[in-house]
Ligand SMILES: C[S@@+](CC[C@H](N)C(=O)[O-])C[C@H]1O[C@@H](n2cnc3c(N)ncnc32)[C@H](O)[C@@H]1O
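In our numbering, the protein residues as written are 7 to 420.
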C-alpha cells in the first residue's frame with residue numbers, strides 16, 4: 007500500500023457494485039437511480055425535509071426565480087411555487103421527471119415550472135436565478151461529481167447576491183468501539199462459514215466502509231471536524247484530505263471510525279446526522295480498521311482520511327497510526343486502507359488496463375461501434391434495429407431484441 011497516493015488511479019470501483027456512499031436503501035440498483043419509494047422516504051424524513059422547507063420558504067421573495075437541481079419527483083419545485091416563486095427551473099436526469107411533471111399539474115403550478123431532463127452541468131438557462139436549491143448527497147456529501155456540479159451551478163446560474171441552499175456541509179469523525187458489529191461484518195462469519203474458512207475475503211471487506219447507524223455510547227473519543235465544504239466558494243478540486251488526532255482519555259478497543267455530516271442550509275437553519283441526534287435518511291458511515299486495537303489512556307491516535315474523485319465516485323483512503331502513550335516511538339498500530347483495495351483484481355485484469363495493453367475487441371464491440379455510428383448518422387432506433395438484426399442475426403434473433411439493445415446503449419449517451 008505504500009505509495010498508493012502516488013499512483014495514477016485509472017481503476018474505478020466496479021460499477022455493478024453499489025458504492026458504499028450511495029443511499030443503497032433508496033437507490034434502484036439496475037440504473038443507479040432512486041426508486042420512487044426512495045424519493046418518498048427522503049421526503050417523509052422530517053429531520054431532513056422540515057429544515058429544507060424552512061430554508062426554502064425563507065429564501066423566496068415574491069416573484070423569485072428558482073433553480074431546483076435534482077428535482078426528483080418535483081417536491082422542492084412545487085413548494086417553491088407555493089412560497090411565491092414566479093418561475094422554477096427543475097432539473098433532473100432521471101425519468102422520475104415524468105412524475106414531477108404530473109405533480110406540478112396536480113398542484114396547479116405546471117405553468118410556472120420548466121422541467122429540463124439532464125444534469126445541471128449540461129444545461130444552460132436563459133436567465134440567472136435568485137435561489138438555487140439542491141440535495142446532492144449520499145451517506146457523505148462527497149458523492150459522484152456533486153461538488154463541482156454545485157460550484158458550476160452557482161457560477162453560471164446564480165444572480166450576484168442570490169441564495170444557495172445548502173450553504174455548507176461539515177463532515178465529522180470519531181473513534182468507534184463496536185465489537186458486535188465488527189465481528190459480524192468483518193470477522194466471525196468469514197472465519198467459519200458452515201465449517202469453511204473464508205477469511206481470504208476479509209482483506210477486501212476491511213477496505214470498504216458501510217452505511218451503519220452509530221450510537222454515541224460507542225464513541226471512544228470526542229468527535230472532530232474532518233472537513234467543511236463551503237458551497238459558496240469556487241472549487242478547483244474534488245480531492246479532500248485532513249488528519250484527525252486524538253489523545254485517548256478513556257481505555258477501550260477501537261474497531262473503526264464513525265463518520266457523518268451536518269449541514270447549514272441557510273443562516274440559522276440546518277440539521278445534523280450525528281449519532282446523538284434523531285436518525286436521518288443519510289445515515290452514518292462505519293469505516294473499519296484492519297484489526298481492532300486495544301487503546302490505553304495516553305495513547306495517541308492519528309488518522310489521515312483522503313477522498314479522491316476517480317471516474318464517477320470517490321476513492322476513500324484512511325491511514326491510521328496508534329502511538330503508545332508511554333513510548334511515542336512504539337506503534338501499536340499502523341494501517342493503510344483504501345476503498346481502492348476493496349475490489350479483488352486479478353493480475354490479468356490489471357494488465358488489461360495498462361498503457362501497453364492492446365485491446366482485442368470481440369463481437370460486442372463491433373456491435374456497439376456499428377450502433378454508435380448509426381446513431382451519429384442520425385438514424386432512428388427502428389432503422390438501427392433492422393440493420394443490427396441483418397448484420398448480427400446470431401446475436402439478435404428478432405428486430406425487437408436489437409431495438410431494446412440499441413435503446414439501452416442510446417440511454418448511456420443521451
Ligand atoms: C437526494 S435526491 C433529491 C430529490 C428531491 N430534490 C427531493 O428532495 O425530494 C437527488 C436527486 O438529484 C439528482 N441529481 C444528481 N445530480 C444532479 C445534477 N447534476 N443535476 C440534476 N440532478 C441531479 C438525482 O438524480 C436525484 O434525483
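Ideal Cβ placement from N, Cα and C applies to all residues, glycine included.
Item                                                                                                                                           : Value
Same chain only: Cβ atoms within 7 angstroms of residue 234, ignoring 5 sequence neighbours per side                                           : 174, 176
beta-carbon residue 138 near ligand 1 non-hydrogen atom, thresh 7 angstroms                                                                    : no
Exposed unless 16 or more other CB atoms sit within 10 angstroms - verdict on residue 231                                                      : exposed
Residue of 142, 148, 227 minimising C-alpha distance to residue 309                                                                            : 227
Simplified DSSP state of residue 392, which is helix, strand or coil                                                                           : helix
Bounding residues of the beta strand (DSSP E) (the contiguous stretch that carries residue 45)                                                 : Taken as a continuous stretch (DSSP letters only), residue 45 belongs to no beta strand (DSSP E), being part of the alpha helix (DSSP H) at 42-49.
Neighbourhood of residue 64 by C-beta, 8 angstroms cutoff - its chain only, sequence neighbours within 5 removed                               : 272, 275
Spatial neighbours of residue 195 in its chain, beta-carbon cut-off 8 angstroms, leaving aside the 5 residues before and after                 : 204
Contacts around residue 357, its chain only, beta-carbon distance under 7 angstroms, and the 5 residues preceding and following it disregarded : 363
Simplified DSSP assignment, three categories, for residue 354                                                                                  : helix
Spatial distance of residue 14 from residue 392 (CA atoms)                                                                                     : Bear in mind that a pLDDT of 27 at residue 14, under 50, signals an unreliable position, so the number given afterwards is only what the model happens to contain. So the two alpha carbons sit approximately 43 angstroms from each other.
Local conformation of residue 374 per DSSP, three classes                                                                                      : helix
Cα-Cα separation between residue 268 and residue 43, rounded to whole angstroms                                                                : 24 angstroms
Nearest neighbour of residue 186, chosen from 256, 260, 315, 167 [CA to CA]                                                                    : 260
Contact between the region 58-75 and the region 92-99 (3+ Cβ pairs under 8 angstroms)                                                          : yes
Of the listed residues 328, 333, 353, nearest to residue 342 (C-alpha basis)                                                                   : 328
Beta-carbon proximity of residue 198 to residue 169, cut-off 8 angstroms                                                                       : no
CB contact flag (residue 114, residue 138, <8 angstroms)                                                                                       : no
Residue burial classification, residue 262 (beta-carbon count within 10 angstroms, cutoff 16)                                                  : buried
DSSP state of residue 164 mapped onto helix, strand, coil                                                                                      : strand
Classification of residue 217 by the beta-carbon crowding that lies within 10 angstroms, buried from 16 upward                                 : buried
Nearest neighbour of residue 419, chosen from 407, 117, 171, 378 [CA to CA]                                                                    : 378
Residue from 224, 315, 291, 209 with nearest C-alpha to residue 247                                                                            : 315
Near ligand 1: residue 100 beta-carbon under 7 angstroms from a heavy atom                                                                     : yes
First through last residue of the alpha helix (DSSP H) which encompasses residue 57                                                            : 52-65
Heavy atom of ligand 1 within 7 angstroms of residue 40 beta-carbon                                                                            : yes
For residue 347 and residue 319, the rounded distance between their alpha carbons                                                              : 14 angstroms
Own chain, CB closer than 8 angstroms to residue 413, minus 5 neighbours either side, in chain order                                           : 387
Residue 55 to residue 140 span [Cα, whole Å]                                                                                                   : 12 angstroms
heavy atom of ligand 1 below 7 angstroms from residue 163 C-beta                                                                               : no
6 angstroms CB neighbourhood of residue 91 in its chain, flanking five on each side removed                                                    : 66, 70, 72
Counted within 10 angstroms of its Cβ, other Cβ atoms place residue 152 as buried (16 or more) or exposed                                      : buried
Residue of 219, 125, 299 minimising C-alpha distance to residue 281                                                                            : 219
Spatially closest choice to residue 62 from 88, 202, 298, by CA coordinates                                                                    : 88
Residue 141 beta carbon near ligand 1 (any heavy atom closer than 7 angstroms)                                                                 : yes
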